[in-house]
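If you read the first sequence in my numbering, its first letter stands for residue 83, the second for the next number, and so on. In this text, a Cβ means the ideal position worked out from N, Cα and C, and glycines have one as well.
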Amino acid sequence: MNNSLKKLIEDSIIEALGEQGNSPPIFITQPKKREWGDLSTNLPFSLSRKTGESISKIGERLVSSLKKKNFLSRVEFTPPGFLNFFISSQYLVRTLKNVLLQRENFASFSYGKGKKVHIDFVSANPTGPLHIGHARGAAIGDSLANILSKVGYKVEREYYICDVGGQIERLSRSVWVRLQELEGKRVFFPEDGYKGDYVIEIARKAKKDLKEELSTEKKEERLLDLLGKFTVKEILKEIKKDLEDFGVKYDSWFAESTLYENREIFKTIDELQKRGYTYEKDGALWFKASLFLKEEKDRVLKRKNGEYTYFARDISYHQNKLSRGFDRMINVWGQDHIGYAPFLKVAVENLDPFHRSPEIIIYQFVTLMRGKEKISASTREGEFISLREVLNEIGKDVARFFFVSCNADTHLKFDLELAKKQSAENPVFYIQYAHARICSIFKKAKKEGIKLEDPEKIRLTSLGEPEEIKIMKKICLYPDVVKEAAEALEPHHLVGYAEELAALFHQFYTKHRVISDDKILTLARLCLVEAVRIVIEDTLTLLGISAPQMM
RNA sequence: GCGCCUGUAGUUCAGUGGAUAGAACGUCGGCCUCCGGAGCCGAAAGUCGCAGGUUCAAAUCCUGCCAGGCGCACCA
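Structure, rendered in structure tokens:
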């Protein structure tokens, strides 16, 4: 299935350019003014610079060979050097029928060619509940996964569980201390321990569930190990539940400890050594990052005490992904990993014979506000707004919409008060309202005994009002929006699109009646609004937001 | 100090080197006999952080400043 209008135009241009057609990249964009067409390109500029032919000559030549295309009603060359395209009503009608026939597959593509994509997001350390910062990563990662699978990739969502290392030790020690306190003993709470109340809850649960083991096991080391495993399991249970309520479901959960169990970590280190990417210094094993990254310091793979660093484990994890046959690996990380990303990339790509490299999407942190006041977020100190609280306060739809509505690079400010207060006028409701309104039109139609027939049989040419044309044109662009969001790995493009489509619908709705005495027009308009409904539902689904029939 | 990211309307954010920089919220003024008013129509609101440069064309690319966020571990 391919309903991309831009591709159609692009192909026609390439065809028109003929044999000598190794043209510069063709950019087709939506112009700002209606007189400039529905789509336009600046190709005459760039082509002229390349070939030396005059801009207007190129323009005129392209116009004359493109104007025969039946999906265009008009092609114009407009000085200083634009080609403006006008979509034909024939194409508008055909597209409307396609939406009704193909429904949620209208914007599906084979673009990804069934390639396997691994997407790793959130992957928060199991040392505490998810907080609001993780929510942004969850919203971006999950929507991206949805979008990529829509354009034809085989997507696997995975959560990487860091269940190894010093943080887990600190966590289990914190639980142990809380346990002692429950026994009535006064114990000094470690400076670097986890201070959140959830630790006390877990201690309480451990006291009940691990009663026997706790009383028989005397060796502190074994005891801490036992507590650690129990705690990680408990916290993961909560994380999983929070994510599910946020609309996120993973295909797999990968525990870091399995890298030791199947000895992959050792193989990775061997390979790095064999290739001469390592050296020993001060009793530690180092990665020669400077081989690939000038001006960067080398990094430790294996510490003096014999433990592997997170870096070493992470390289091994990525090799594991490659061994599972993934063509692309996408990691969605918070900006605190920004300096680390290049190291992982060079290590992984230089070990792989095909030089596949993780693609890393960095999202900037959310500044959380309550009115004018900033709220800090630290898992260690136990000061954070949990994802759970956000879900309870403002709900999944508003939260997901908010986190996915702007570019990952934006340092966005999130005012909880405002999010709650504005909720009635929030853009997400504006979009959902359009959907609910359409559903209610169909309820009325049903009551009056009107049924939507086979769209092929309905005379859609009776749709000619400006508001109707605008809607159809917007719908024609939907597949391209999805494709562009997939190519750029930027879900936020869909948000802007959904708002625009909803606005066009509301404008149409205010001015015209769908159900009227004119039977033919009624059916045509039902088709039109049903197409709007399908597309809105589709965008909302990609963003993980519900499309309610009633509000 | 070095690296990455950001700076666009009162606020939150869009904006693929192109044509007169957009939307939402907020503010002000209009619109309910009729499919849902969580809607529609209109108005006010901008030195695109500052200064240079490249280009026929710069919010967008380059350089330098200023301000903010995050990194620069034998943490993860």
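key: Whole-angstrom distance between Asp327 and Lys301, CA atom to CA atom   = 40 Å
key: Outcome for Asp93 when other beta-carbon atoms lying within 10 angstroms are tallied against a minimum of 16   = exposed
inquiry  = If you measure between the beta carbons of Leu325 and Val204, is that distance less than 8 Å?
reply    = yes
query = Under 8 Å, do Ala516 and Phe425 count as touching if we go by C-beta distance?
reply = no
task = Pull up the distance between the alpha-carbon of Lys197 and that of Ile443, whole angstroms please.
result = 19 Å
query = Considering Arg452, what are the terminal residues of the alpha helix (DSSP H) in which it resides?
reply = Unbroken run through Arg452 is the beta strand (DSSP E), Thr449 to Arg452; no alpha helix (DSSP H).
ask   = At a cut of 8 Å, does the region 176-186 reach the region 606-621 through at least three beta carbon pairs?
value = yes
message = Can you tell me whether Lys503 sits near the ligand SAH, meaning its C-beta is under 7 Å from at least one heavy atom of the ligand?
response = The ligand SAH is not part of the structure shown, which contains no ligands of any sort.
request  = Determine the burial state of Tyr276: buried for a count of at least 16 other Cβ atoms within 10 Å of its Cβ, exposed for fewer.
outcome  = buried
ask   = Whose CA, out of Phe408, Phe191 and Ile351, lies closest to the CA of Glu389?
value = Ile351
key: Pick from Lys503, Ser544, Gly416 and Lys454 that is closest to His493, judged by C-alpha positions   = Gly416
message = Do His594 and Glu549 have their beta-carbon atoms positioned less than 8 Å apart in this structure?
response = yes
query = Rounded to whole angstroms, how far is the Cβ of Asn86 from the Cβ of Pro573, which I believe are closer than 8 Å?
reply = Note on residue identity: the sequence assigns Ser, not Asn, to residue 86. Wrong, their Cβ atoms sit about 18 Å apart, outside the cutoff.
task = Classify Ser522 as buried or exposed, calling it buried when 16 or more other Cβ atoms lie within 10 Å of its own Cβ.
result = exposed
ask   = Assuming Ser487 contacts His213 under a Cβ cut-off of 8 Å, what Cβ separation, rounded to an integer in Å, is found between them?
value = With a Cβ gap of about 20 Å, Ser487 and His213 do not count as contacting.
inquiry  = So, with DSSP's three-state summary, where would you put Met45?
reply    = Residue 45 lies beyond the range of the chain shown here (83 to 633); nothing can be said about it.
key: In DSSP terms, what Asp202 is bridged to   = Glu240 and Asn413
request  = Round the Cβ separation of Ala568 and Ile229 to the nearest angstrom and send it over; I've been treating them as touching at under 8 Å.
outcome  = 5 Å
Cβ neighbour criterion (16 or more within 10 Å) applied to Gln172 = exposed
key: Strand pairing of Phe336, partner residues [DSSP]   = Tyr242
task = On a CA-only basis, which of Arg131, Gly210 and Val269 is nearest Phe466? Give me that one, please.
result = Gly210
Buried or exposed by the 16-neighbour rule on C-beta atoms within 10 Å, applied to Asp599 = exposed
ask   = How big is the Cα-Cα spacing for Gln184 and Phe153?
value = 19 Å
task = Taking all protein chains shown into account, decide if Thr111 is buried (16 or more other Cβ within 10 angstroms of its Cβ) or exposed.
result = exposed
inquiry  = With three or more beta-carbon pairs closer than 8 Å as the criterion, would you say the region 349-369 touches the region 257-272?
reply    = no
message = Taking contact to mean 3 or more Cβ pairs, one atom from each stretch, closer than 8 Å, check whether the region 366-385 and the region 427-446 are in contact.
response = yes
ask   = In this structure, what does DSSP give as the bridge partners for Arg156?
value = Phe168
ask   = Between Thr133, Ala217, Val382 and Val563, which lies nearest to Leu450 when the distance is taken from Cα to Cα?
value = Ala217
ask   = Taking the C-alpha atoms as reference points, what is the distance between Ser105 and Ile96?
value = 8 Å
task = Return the first residue and the last residue of the beta strand (DSSP E) that Ala366 is part of.
result = Ala366 to Phe369
ask   = With a CB to CB cut of under 7 Å and the five nearest residues on each side skipped, what residues in its chain are close to Gly219?
value = Phe203, Val204, Val414, Gly416 and Tyr445
task = Rounded to whole angstroms, what's the CA-CA distance from His575 to Ile457? Just pull it up for me.
result = 29 Å
ask   = Is Lys293 helix, strand or coil when you go by DSSP?
value = helix
key: Cutoff 7 Å; reference Pro113; Cβ partners in own chain excluding five residues on either side   = Gly119, Ser122 and Asn166
request  = Please list the segments of the alpha helix (DSSP H) lying wholly inside the region 480-511, counting only runs of 4 or more residues, in order along the chain.
outcome  = 498-503
Delimiting residues of the beta strand (DSSP E) encompassing Glu378 = No beta strand (DSSP E) contains Glu378, which DSSP labels as neither H nor E.
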